[in-house]
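The structure under discussion appears below in the form of structure tokens.
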Amino acid sequence: MRMKEKGEWIRESYEVIHAFPFVQGVLYYTAYRNRNEAGSEGEPVRTRFVHALDARAFHGESGRDFEKLLMRDEDAFFPVQEVFIEDGVLYQVYRKLEGTLLAHYLYHTLPLPLDRAMWILRRITGHLLRLYDQDQFTMVHPQNVLLAPGGAVRFIYGGPAGLLPKGGLHPQPSADGQRREDPYDAFTVGALAYTMFTGNSPTAFSLNPAPIRQFREDVPEELEDWIMRTLSFNPEQRPTIEEMARFFHRVTAKIEGGSEGLFGWERMLL
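Everything in the sequence shown is counted per our numbering, starting at 271 for the first residue and increasing by one.
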């Protein structure tokens with residue numbers, strides 16, 4: 271799939287302003303207007319983020335399948351307002367994004383204070399459990415997490431299992447209706463936690479990440495142990511997302527003495 275350049279159009283309605291390689295596919299920042307209608311001088315430009323994915327990368331067989339992307343869990347995902355295919359590319363048009371990409375936020379703030387990192391981790395693991403129950407998936411990656419106003423945390427890319435790719439795979443819905451966790455999610459949550467706590471990628475210096483407390487001593491030893499286990503090369507040694515969610519809740523309560531301390535930084539985040 272060729273990445274469009276500035277000034278090119280998508281469906282005669284979205285003029286590309288910037289293009290960004292995304293965690294999966296390409297993310298375009300566009301001006302939203304009709305190409306065939308001359309705009310009034312001084313008219314405010316409406317903007318939208320548009321995600322593009324090579325249609326050969328997914329399994330949808332009909333337009334009806336794609337409509338499922340409009341019905342994603344809005345507590346976990348940022349809403350999609352329009353889905354269409356043009357020239358062999360699947361486009362998802364998002365409602366006006368409000369907030370900050372986690373990747374951008376981390377670039378300016380690493381390493382994070384413990385309470386901020388734990389707030390984000392708790393929201394991410396909680397969303398993952400909701401998505402497992404709904405046979406939906408996402409990708410835990412700083413590019414794919416939006417810190418929305420009011421402290422909300424939402425994913426951008428994802429949807430029904432089996433419809434869109436996750437890396438080179440297609441997560442499949444559970445055949446028996448039982449929750450199916452992805453051990454890769456535990457690894458990516460752990461990698462994100464490691465980066466937020468240390469300011470480094472877990473594989474920045476070697477395949478075996480250095481202990482977190484080598485970088486900072488305010489991380490409890492028990493928390494360090496859990497994060498390091500998520501980074502195990504053996505998926506069976508990683509804790510489940512459900513176990514991690516419960517543990518993160520306990521650690522947060524212990525660090526903060528309750529939830530009161532979380533909300534001050536939450537209001538100041540964006």
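The beta-carbon is built from N, C-alpha and C at its ideal position, and this holds for glycine as well.
Is it true that the CB of alanine 346 sits closer than 8 angstroms to the CB of arginine 400?
As a first step, residue 400 is located in the sequence shown; it is residue number 130 there, counting from the start. As a first step, residue 346 is located in the sequence shown; it is residue number 76 there, counting from the start. With contacts defined by Cβ atoms closer than 8 angstroms, arginine 400 and alanine 346 form a contacting pair.
Do the CB positions of threonine 465 and histidine 411 come within less than 8 angstroms of each other?
Position 195 of the sequence shown, counting from 1, holds the residue named residue 465. Position 141 of the sequence shown, counting from 1, holds the residue named residue 411. Against a cut-off of 8 angstroms, the Cβ pair of histidine 411 and threonine 465 comes out as no contact.
Applying the 10 Å Cβ sphere with the 16-neighbour rule, what's the burial state of glycine 428?
For the purposes of this step, residue 428 is taken as the residue at position 158 of the sequence shown. Burial call: buried.
Would phenylalanine 348 and histidine 321 qualify as a contact pair, given that the criterion is a beta-carbon distance under 8 angstroms?
Looking up residue 348 in the sequence shown gives position 78. Looking up residue 321 in the sequence shown gives position 51. Taking C-beta atoms as the reference points, phenylalanine 348 and histidine 321 fail to come closer than 8 angstroms.
Please tell me whether leucine 416 and leucine 367 are closer than 8 angstroms, where the distance is taken between their beta carbons.
To locate residue 416, count along the sequence shown from 1; it is residue 146. To locate residue 367, count along the sequence shown from 1; it is residue 97. Going by beta carbons, leucine 416 and leucine 367 fall inside the 8 angstroms limit.
Is DSSP giving methionine 271 helix, strand or coil here?
Stepping through the sequence shown from its first residue, residue 271 is reached at position 1. Secondary structure of methionine 271 (DSSP, three-state): coil.
Tell me the residue span of the alpha helix (DSSP H) that contains tyrosine 454.
Translated into the one-based positions of the sequence shown, residue 454 becomes position 184. Boundaries of the alpha helix (DSSP H) harbouring tyrosine 454: 453-468, taken from the DSSP string.
Is it true that the CB of valine 359 sits closer than 8 angstroms to the CB of glutamine 351?
Here residue 351 refers to the residue found at position 81 when the sequence shown is read from its first residue. Here residue 359 refers to the residue found at position 89 when the sequence shown is read from its first residue. Pairing glutamine 351 with valine 359 gives a Cβ-Cβ distance that is not under 8 angstroms.
Span of the alpha helix (DSSP H) around valine 521
In the sequence shown, residue 521 corresponds to position 251, counting from 1. That run of the alpha helix (DSSP H) goes 511-526.
What's the C-alpha gap between glutamate 278 and arginine 516?
Here residue 278 is taken as the residue at index 8 of the sequence shown, counted from 1. Here residue 516 is taken as the residue at index 246 of the sequence shown, counted from 1. Approximately 47 angstroms, taken between the alpha carbons.
Grab the span of the alpha helix (DSSP H) containing glutamate 491 for me, first residue to last.
By one-based count along the sequence shown, residue 491 stands at place 221. Element bounds for glutamate 491: 491-500.
Going by DSSP, what residue range makes up the alpha helix (DSSP H) through glycine 429?
Taking the sequence shown and counting its residues from 1, one reaches residue 429 at position 159. That residue, glycine 429, is in no alpha helix (DSSP H); its beta strand (DSSP E) goes 428-430.
At the level of alpha carbons, what is the spacing between leucine 376 and leucine 501?
Position 106 of the sequence shown holds residue 376. Position 231 of the sequence shown holds residue 501. Computed Cα separation, rounded: 20 angstroms.
Pick out whichever of Tyr284, His288 and Glu513 has its Cα sitting closest to the Cα of arginine 316.
If you number the sequence shown from 1, residue 316 lands on position 46. The shortest CA-to-CA distance from arginine 316 to any of Tyr284, His288 and Glu513 is the one to Tyr284.
Ordered list of alpha helix (DSSP H) runs contained in the stretch 348-405, each at least 4 residues
You should have 372-379 and 384-403.
If you draw a straight line from the C-alpha of arginine 486 to the C-alpha of alanine 480, how long is it?
If you number the sequence shown from 1, residue 486 lands on position 216. If you number the sequence shown from 1, residue 480 lands on position 210. Going from the Cα of arginine 486 to the Cα of alanine 480 covers about 12 angstroms.
Would you tell me roughly how many angstroms separate the C-alpha atoms of asparagine 306 and arginine 281, rounded to the nearest one?
Residue 306 sits at position 36 when you count from the first residue of the sequence shown. Residue 281 sits at position 11 when you count from the first residue of the sequence shown. Cα to Cα, the separation comes out at about 11 angstroms.
Isoleucine 287: buried (16+ other C-beta within 10 angstroms of its C-beta) or exposed?
Counting from one through the sequence shown, the residue named residue 287 turns up at place 17. Residue environment for isoleucine 287: exposed (fewer than 16 other C-beta atoms within 10 angstroms of its C-beta).
Considering only C-alpha positions, which residue in the set Phe467, Arg424 and Thr408 is nearest to leucine 439?
To locate residue 439, count along the sequence shown from 1; it is residue 169. Thr408 is the residue among Phe467, Arg424 and Thr408 whose C-alpha sits nearest the C-alpha of leucine 439.
Proline 435 lies in the beta strand (DSSP E); which residues open and close that run?
Residue numbering aside, residue 435 sits at position 165 when the sequence shown is read from its first letter. Segment: none, proline 435 is in no beta strand (DSSP E) and carries neither H nor E.
Under 8 angstroms between C-beta atoms of proline 505 and proline 443:
In the sequence shown, counting from the first residue as 1, residue 505 sits at position 235. In the sequence shown, counting from the first residue as 1, residue 443 sits at position 173. The Cβ atoms of proline 505 and proline 443 do not sit closer than 8 angstroms to each other.
Distance, Cα to Cα, leucine 380 vs methionine 388?
For the purposes of this step, residue 380 is identified with residue 110 of the sequence shown, where counting begins at 1. For the purposes of this step, residue 388 is identified with residue 118 of the sequence shown, where counting begins at 1. Their backbone Cα atoms lie some 14 angstroms apart in a straight line.
Take the Cβ of valine 521 as the centre, count every other Cβ of all protein chains shown within 10 Å, and call the residue buried at 16 or more, exposed below.
By 1-based counting over the sequence shown, the position of residue 521 is 251. That one is buried.
Candidates Met273, Asp385, Arg365 and Phe290, of which the one nearest glycine 527 by Cα
For the purposes of this step, residue 527 is taken as residue 257 along the sequence shown, with counting starting at 1. If we check each option's Cα against that of glycine 527, Asp385 comes out closest.
Which residues bound the beta strand (DSSP E) around alanine 289?
For this step, residue 289 is matched to residue 19 along the sequence shown. First-last of the beta strand (DSSP E) with alanine 289: 284-291.
For phenylalanine 425, which three-state DSSP category applies?
By one-based count along the sequence shown, residue 425 stands at place 155. Reduced to three states, the DSSP call for phenylalanine 425 is strand.
Just tell me which of Asn470, Asp343, Gln507 and Leu297 has its CA closest to the CA of leucine 323.
Residue 323 sits at position 53 when you count from the first residue of the sequence shown. Leucine 323 has its Cα closest to that of Leu297, out of Asn470, Asp343, Gln507 and Leu297.
Per DSSP, what kind of secondary structure is phenylalanine 336 in: helix, strand or coil?
Sequence index remark: in the sequence shown, residue 336 carries index 66 (1-based). Correct three-state label for phenylalanine 336: helix.
If I follow the unbroken beta strand (DSSP E) through histidine 321, where does it start and stop?
Start at 1 with the first residue of the sequence shown, and residue 321 comes out as number 51. Boundaries of the beta strand (DSSP E) around histidine 321: 316-324.
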